[in-house]
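Step one of this worksheet: look at the structure below.
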Amino acid sequence: MKDWLSVILVLLIIGVFLDGIRRMRLAKKANIKLSKNAKKADLVSGAADGARSSEFPSGGARVVEHRDEDVAEDLNKAVRQNYQGSRQTRGAPRRIPEQVSLNLEESVPMLMDSVELEEAQEDNKQAIEPQVGSMNVASLPAESAEGDVRSAEHEAVISEMSDSGENVTQADYDDRDDSDEEIYVEPDEVLVMNVMAKSGTCFPGEGLLNTLMDQGLKLGEMDIFHRHRNNDGDGAILFSLANMVVPGTFNLAQMADFQTPGVSLFLSLPIKGDSLDAYNDMATTARAIAESLGGELKDENRSVMTQQTIEHGRQRVIEYERKRKLVRA
124 MKDWLSVILV
134 LLIIGVFLDG
144 IRRMRLAKKA
154 NIKLSKNAKK
164 ADLVSGAADG
174 ARSSEFPSGG
184 ARVVEHRDED
194 VAEDLNKAVR
204 QNYQGSRQTR
214 GAPRRIPEQV
224 SLNLEESVPM
234 LMDSVELEEA
244 QEDNKQAIEP
254 QVGSMNVASL
264 PAESAEGDVR
274 SAEHEAVISE
284 MSDSGENVTQ
294 ADYDDRDDSD
304 EEIYVEPDEV
314 LVMNVMAKSG
324 TCFPGEGLLN
334 TLMDQGLKLG
344 EMDIFHRHRN
354 NDGDGAILFS
364 LANMVVPGTF
374 NLAQMADFQT
384 PGVSLFLSLP
394 IKGDSLDAYN
404 DMATTARAIA
414 ESLGGELKDE
424 NRSVMTQQTI
434 EHGRQRVIEY
444 ERKRKLVRA
């Protein structure tokens, strides 16, 4: 009896083992079949997706529709006509663009260029061009031609004053040149301070105008504000204030509808006055504007301006004046 039980137990164990092997084989075949079906499905879906949206960098362009030949020809003609029109009007004057953020990386003295300067340069150019007799002035060296023109002007002025009965001297002529001609001097050093509204806000035009007027700034040349040596708006310009938005100007007639993210104060050295006092005045004015409008005081790189930054600007002014005195000496 015990022998029969042992045999039956062994047979059961063998049957369970064989059944397990059979199940493993069936599962493996099923997995292989599913993998093949999945690959086929991926290929089909990939082809469909490629036909629908193959606009990725590694794929082609998606074809939306095919135009008729007549429509395509009309489009080509329109493109050619637009191109020819753009070539003909390329030299036309440009309209002033809408206001965009002012790039402070550009040199600030560009705001100081004036129409009067350009006209003066054009007049000087025209005065040198004419020929004297049969001599071609353009063929002479530049310095010689300019000297001849100045000499002719000198003699004409002296002759005119002599005819009027005045006692003419060289000093009188020199004084006349100094008083009548105003020469533009390119700034050697420019110091900039920015007053910016808080992030996501702008300064209102009327509030800004009232603050600038309270600080003694006057709208003047180049349609920007200036601080003059005299409180009545006369005298030499000490420093200026421009809009931070291109083209940097202000229009008093539109201040009610005007707004700006900030303004830029700049001191262009040399000036006709005490440079250090002008810088201190500019720093005080910038701080007062920021406090009045709830803005933030920034340096020329639009970083927060600290007392250390202001002191560094003072040292730049002092160093500039020191070098200027050495050159004069």
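In terms of this note's numbering, the sequence shown has 250 at position 127, counting the first letter as 1, and numbering is strictly consecutive.
All residues carry an ideal CB built from backbone N, CA and C; glycine is no exception.
In the structure shown, the three-state DSSP call for ILE347 is coil. 8 Å or more divides the Cβ of THR334 from the Cβ of LEU388.
Around the beta carbon of ASN317, 16 or more other beta carbons sit within 10 angstroms, so the residue counts as buried.
Judged by their CB atoms, GLY436 and LEU361 are not nearer to each other than the 8 Å cut-off. By the criterion of a C-beta distance shorter than 8 Å, THR372 is surrounded in its chain by MET345, ASP346, ILE347, ALA365 and ASN366, once the five residues flanking it on both sides are discounted. Partner residues in a beta bridge of GLY396, as assigned by DSSP, do not exist.
Here DSSP, grouped into helix, strand and coil, assigns LEU335 to helix. Of the candidates GLY138, MET336 and LEU392, the residue whose Cα lies closest to the Cα of GLU442 is LEU392.
ALA359 and HIS351 have their C-alpha atoms roughly 6 Å apart.
In this structure LEU420 is not in contact with TYR402, their Cβ atoms being roughly 14 Å apart against a cut-off of 8 Å. When secondary structure is reduced to three states using DSSP, VAL139 falls in the helix class. Annotation for GLU442: the continuous alpha helix (DSSP H) segment containing it runs 430 to 451. Shown here, GLY328 sits in a helix according to DSSP, grouped into three states. In the three-state DSSP reduction, LYS421 falls in the strand class (E or B). When secondary structure is reduced to three states using DSSP, LEU314 falls in the strand class. The C-beta of ILE412 has 16 or more other C-beta atoms within 10 Å across all chains shown, which makes the residue buried.
Straight across, the Cα-Cα distance linking GLY330 with GLY396 is about 30 Å. The DSSP-derived three-state label of ASN366 is strand. The C-alpha of PRO384 is placed about 25 Å away from the C-alpha of GLN431. Cβ-Cβ distances below 6 Å link ARG148 to nothing in the same chain once the five nearest sequence neighbours on each side are left out.
Around the beta carbon of GLY143, a 10 Å sphere encloses fewer than 16 other beta carbons of the protein chains shown; the residue is thus reported as exposed.
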